[in-house]
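Under our numbering, the first residue of the sequence shown is numbered 1, with each subsequent residue one higher. Yeah, the Cβ is synthetic: ideal placement off N, Cα and C, and Gly gets one too. Scroll down for the structure; my scribbles are underneath it.
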Amino acid sequence: MIDETTWGELREIAGRYPEKRSGLLPMLHLVQSAEGRITPEGIEACAEILEISAAEVSGVATFYTMYKRRPVGQYHVGVCTNTLCAIMGGDEIFATLKDHLGLGNDETTDDGLVSLEHIECNAACDYAPVLTVNWEFMDNQTPDSAKRLVDDLRSGVDVHSTRGPKICTWREAERVLAGFNDGLADEGPSAGPASLVGLRIAREHGWTAPGYEPKAFPGGALPETKQEAVELADTARAESETQLEESGADFSNVTPENGSADD
Ligand code: FES
């Protein structure tokens, strides 16, 4: 049963986009947050608000693996078994967790606390083998650390992502994916040394991509911290907007359909 609050929030998401059907993916995440899964009622609600058919909504919900037709655990554990993680131990971790939890792929413990899924590459190969809990990274895992992780989750111990915030529940995570900020985006170390090693080596050797002008502060200093990088990006964006304004270009005929101004 979709309650009034959720109906209102689904409409709010649809209203964030020039073409309201563009809101379908976050709307489905909100359905999962409210209902614990993609329900027929959730599909109907999305279809009604977006003025598309339930079959169209269902087609999207069944295409992407992050949308679940059956309830998952309060903590949904993904084990990357894609190439690099697999050879670094992901296959062994997955086999260990299946045995430890008594679960198959896409199954949930009887207490409803932990579900298990093998997942594809998370673009986190530099920390292989990688697990996710409610889509937060747990880096450099081993069969033993993975067993400790699920035991801690089941016993209510606070668990922190290795480069993110304290692990929240699956429904809370789905609400964030729907676009409702929980204020925790900057918690944790974020990009770690393994992700930045290429940047460090490139700087040491003075390498840049062909045609790339490295963004730097006036005076040539490169950003050293996340905050400095954000400030630099903001400055660059403001400069581009000023240049566009000064160019006198007319973008009034740009629409979501054509994506560019006619000459
Ligand atoms: S192969 Fe596991 S994150 Fe890329």
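Taking residue 136 as reference, the option from 82, 4, 189, 64 with the minimal CA-CA separation is 189. In its chain, beyond the 5 residues on either side, 143 have a beta carbon closer than 6 Å to the beta carbon of residue 96. Every alpha helix (DSSP H) stretch that sits fully inside the stretch 109-196 and reaches 4 residues is listed by chain position as 143-155, 170-177. Exposure of residue 193 is indicated by the presence of fewer than 16 other C-beta atoms within 10 angstroms of its C-beta. With a cutoff of 8 Å on beta-carbon distance, residue 119 and residue 80 are scored as near each other. Beta-bridge annotation (DSSP): residue 78 is paired with 117, 132. In this model, residue 210 and residue 162 are separated by some 34 Å (Cα to Cα). Annotation for residue 7: the continuous alpha helix (DSSP H) segment containing it runs 4-14. For residue 98, the uninterrupted alpha helix (DSSP H) run begins and ends at 91-101, by DSSP. Excluding the 5 residues flanking it on each side, residue 72 has same chain C-beta neighbours closer than 7 Å at 108, 115, 170, in chain order.
Excluding the 5 residues flanking it on each side, residue 174 has same chain C-beta neighbours closer than 6 Å at 29, 32, 33, in chain order. Residue burial is scored here from C-beta neighbours: residue 61 has at least 16 other C-beta atoms within 10 angstroms and is therefore classed as buried. With a cutoff of 7 Å, residue 124 counts as near the ligand FES, since its C-beta is closer than that to a heavy atom of the ligand.
DSSP, reduced to helix, strand and coil, places residue 107 within a strand of the structure shown. For residue 6 and residue 179, the gap between their C-alpha atoms comes out near 13 Å. Boundaries of the alpha helix (DSSP H) harbouring residue 60: 54-63, taken from the DSSP string. Beta-carbon to beta-carbon, residue 154 and residue 113 are separated by about 5 Å, close enough to satisfy the 8 Å threshold. Distance check between residue 184 and each of 160, 197, 205 places 160 closest, using alpha-carbon atoms only. Secondary structure of residue 68 (DSSP, three-state): coil.
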